[in-house]
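What follows is a set of notes on a single structure, which appears directly below.
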Amino acid sequence: MITFENALEVVSQLPREQQELLADIVKKRAAEVRRLEIMEECREALAEYRTGNLKPMSAEEVISELRCYLESDED
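Here it is, written out as structure tokens:
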């Protein structure tokens, strides 16, 4: 199994142009993974809403609920 340090060592042996290309590829792949995660979270939220597990809320209600959650999380 390759470790993070091993990977960095291998990458450091590549020419600068290839290092930059690799960094760009890794960044784009990470963005795509995050997009897929967000898409799945949206699907789950929509399914919960459609089954009645979520109720429509105004922006003010959402912000208030979020503030309460964040304040209780600090304790």
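Here the working numbering is used: position 9 in the sequence shown is 9, and no number is missing along the way.
Ideal placement from N, C-alpha and C gives every residue a C-beta, glycine not left out.
- DSSP places I2 in the coil class of the three-state scheme, outside both helix and strand.
- The Cβ atoms of L14 and L8 do not sit closer than 8 Å to each other.
- Rounded to the nearest whole angstrom, the C-alpha separation of V33 and R43 is 15 Å.
- For the 8 Å CB-CB criterion, L54 and A45 form a contact.
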